[in-house]
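Protein chains in written order, with our numbering: chain A, 2 to 265; chain B, 627 to 877. Where is the CB? At the ideal position from N, CA and C, for every residue including glycine. Just below is one structure, and these are the notes that go with it.
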């Protein structure tokens, strides 16, 4: 595993034999992988394969039932680890604080932890807003923003935390192709400029192919394949097509009849 | 049946843990005075008008009912003491707590449940900011501060309502002097203090229940409504259940 250094120390993110169960339901089974520092690592899989549960385990919102997650040799299930590493999660729906303006959303973390005085916080927030081209949205509340803007605000809010590890939950979901490409670019740029380790959970094949260094493919809570995007896309084309086949069978005669009735 | 019992005990345990966790953050109170003041304003200012209206009419009806009965034996002069005692020892704290639960408790549960459903609570946790610290503890402190004055207002306005009825209803026609004199003769300072203590305990736990129900919400937006209903029902049961034991302890 590349994230394990010479003295057998974890230097990035090391997931070791992790299993997560909710009661009798085993959601993740014996998951092991590692993410290098500064790497973009993509976790792909169909709905219900345990991607989001894995992400929540990495950020410490869930404790693994078996195994452990290490971030730079510290246990990820301890909150202190995330405080030290400054890991941040960009939620699928943004999880912005709806009662605050965009500016206050971004300033919330440094204000609450008293990391800097107000003028310094203002500089940091304005930098993050500029980086994500959100200057015009600073005084708006999240409800006034489009889906793409909400995602960008969520990323900007994470940037203010100056994280070493940034986790993204479906960053391009519910976005049009142009906006999805923009978000992919943003993730790649952040890695280049800030050397942030990024773990991205996604359904988006384009994102995986274009920006990931390595990726894993999850199926029913287990790792089906791991490697670079081109290796996995080449070797597991059929499984991937199967995963992302539309759930509605448009060739089904009943579906056709209903569609025709609607049209008529 | 066993599962339901387990569920109730689990809920009770969650309330106790939440209270303990929130109280652990009490040393951060000086840094959160703004939040405490904001919640005091929301609980006090926004609940006050409805407390005033309800208390006035509770006092008025109480005077009317007792006045009707007492005038038959010519004992109208006792109206003041009856209204005074029942309001400050029982009705004002209970009604204030009910209103706090309906007005502030439900809004608190809705807000926290919505934050939970839309992952704002998770976002706080990933930022290493404890929801108990910034969402629960300041509310509990605000409830602790604001319920005694709110109950006091309720008592005064109820007494005033009783006086208006005692004076202006024909078959009672009791002068305000006799009304207040009757009240002062039979009441001690302890009666008022007991009522305020009761109100404070109810208010504190109503807000704790509201926070717990909100933070314990699971599922989608539909659950927000269920949590609000559960919060109000559990609060009311709690108030009526503990009322008996607190009354007994304070007698």
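Taking residue 38/A as the reference, which of 13/A, 59/A, 48/A and 62/A has the closest Cα?
Looking at the Cα atoms, 13/A is the closest of the given residues.
Please compile the residues from chain B whose C-beta is within a distance smaller than 7 Å of the C-beta of residue 60/A.
Neighbours of residue 60/A on chain B, chain order: 752.
On the premise that residue 174/A lies in contact with residue 298/A, defined as a C-beta separation below 8 Å, what is that separation, rounded to the nearest angstrom?
Outside the displayed span of chain A (2 to 265) sits residue 298/A, for which this structure offers no information.
Flag this pair as touching only if the segment 759-774 of chain B and the segment 831-841 of chain B have three or more C-beta atom pairs under 8 Å; answer yes or no.
Yes, the segment 759-774 of chain B touches the segment 831-841 of chain B.
For a contact meaning CB atoms closer than 9 Å, what does residue 165/A contact in chain B?
Result: empty, since nearest Cβ-Cβ is about 14 Å, beyond 9 Å.
So, helix, strand or coil for residue 215/A, using DSSP?
Three-state DSSP puts residue 215/A in a strand.
Which residues in chain B have a C-beta closer than 9 Å to the C-beta of residue 84/A? List them in chain order.
Residues of chain B passing the Cβ test: 754.
Run the CB neighbour count on residue 801/B, radius 10 Å, all protein chains shown included, and call it buried at 16 or more, exposed below.
The residue is exposed, with fewer than 16 neighbouring Cβ atoms inside 10 Å.
From 230/A, 178/A and 184/A, pick the residue whose C-alpha is nearest to that of residue 157/A; which is it?
When each option's Cα is compared against that of residue 157/A, the closest is 184/A.
Would you decide whether residue 266/A is buried or exposed? Buried here means 16 or more other CB atoms lie within 10 Å of its CB.
The first residue shown for chain A is 2 and the last is 265, placing residue 266/A beyond what the model contains.
For a quick check, are the C-beta atoms of residue 770/B and residue 867/B less than 7 Å apart?
Contact: no.
Whose Cβ in chain C lies nearer than 8 Å to the Cβ of residue 658/B?
The displayed structure is made up of protein chains A and B, and chain C is not among them.
Suppose only complete runs of 4+ residues qualify. What are the alpha helix (DSSP H) ranges in the segment 185-235 of chain A, listed by chain order?
Those alpha helix (DSSP H) runs which fall completely within the segment 185-235 of chain A and span 4+ residues are 206-212.
Tell me the DSSP secondary structure of residue 17/A in three-state form.
Residue state, collapsed to three classes: strand.
Tell me the DSSP secondary structure of residue 788/B in three-state form.
The answer is helix: DSSP assigns residue 788/B an H, G or I state.
Which first and last residues belong to the alpha helix (DSSP H) in which residue 42/A is found?
Run containing residue 42/A: none in the alpha helix (DSSP H); it sits in the beta strand (DSSP E), 41-45.
So that I know if they touch, is there some Cβ in chain A lying closer than 7 Å to that of residue 591/B?
The requested residue 591/B is not part of the displayed model; chain B covers only 627 to 877.
Comparing the C-beta of residue 2/A with each C-beta of chain B, is any distance below 7 Å?
Summary for residue 2/A: the model assigns pLDDT 42, below 50, so the residue's position carries little reliability; its value from the coordinates is reported in the next sentence. Cβ-Cβ to chain B under 7 Å: no for residue 2/A.
Let's see if you can read the secondary structure: which residues bound the beta strand (DSSP E) around residue 239/A?
Where residue 239/A is concerned, there is no enclosing beta strand (DSSP E), although the alpha helix (DSSP H) it sits in stretches over 238-244.
By the DSSP assignment, the beta strand (DSSP E) with residue 56/A in it spans what residues?
Premise fails: residue 56/A lies in the alpha helix (DSSP H), 52-59, not in any beta strand (DSSP E).
Quick one: is residue 746/B near chain A, going by C-beta distance under 7 Å?
So, interface residue.
Who are the near neighbours of residue 820/B in its chain, counting only those whose CB is closer than 7 Å to its CB and skipping five residues on each side?
Closer than 7 Å at the Cβ level, and outside the excluded window around residue 820/B, lie 715 and 876.
If you drop the 5 nearest sequence neighbours on each side, which residues of the same chain put their C-beta closer than 7 Å to that of residue 864/B?
Correct list, in chain order: 831 and 835.
From residue 737/B to residue 730/B, what distance separates their C-alpha atoms?
Whole-angstrom Cα-Cα distance: 10 Å.
Less than 7 Å between the C-beta atoms of residue 161/A and residue 97/A, yes or no?
For residue 161/A and residue 97/A, no; Cβs fall outside 7 Å.
Rounding to the nearest angstrom, what Cα-Cα distance links residue 59/A and residue 78/A in this structure?
Going by the C-alpha atoms only, they are around 8 Å apart.
Would you list, in chain order, the members of the segment 145-170 of chain A that have their beta-carbon closer than 8 Å to a beta-carbon of chain B?
Cβ contacts with chain B come from 162.
If you pair each beta-carbon of the segment 36-50 of chain A with each one of the segment 101-112 of chain A, do three or more pairs fall below 8 Å?
Touching, no.
Counting C-beta neighbours from all protein chains within 10 Å, is the total for residue 803/B 16 or more, i.e. buried, or is it exposed?
The residue is exposed, with fewer than 16 neighbouring Cβ atoms inside 10 Å.
Cα separation between residue 50/A and residue 244/A?
For residue 50/A and residue 244/A, the distance between alpha carbons rounds to 10 Å.
Report the neighbours of residue 104/A on chain B: residues whose CB is nearer than 7 Å to its CB, in chain order.
Simply none; closest approach about 16 Å.
Does any CB atom of chain B fall closer than 7 Å to the CB of residue 90/A?
Chain B, which has a Cβ nearer than 7 Å to the Cβ of residue 90/A, makes this yes.
What residues of chain B sit near residue 80/A, judged by a beta carbon separation below 7 Å?
Correct list: 754.
Let me know if residue 40/A comes out buried or exposed under the rule of 16 or more other beta-carbons within 10 Å of its beta-carbon.
Buried.
DSSP three-state label for residue 28/A, please.
Strand at residue 28/A.
State the Cα-Cα distance for the pair residue 692/B and residue 822/B, rounded to the nearest angstrom.
Roughly 24 Å separates the two Cα atoms.
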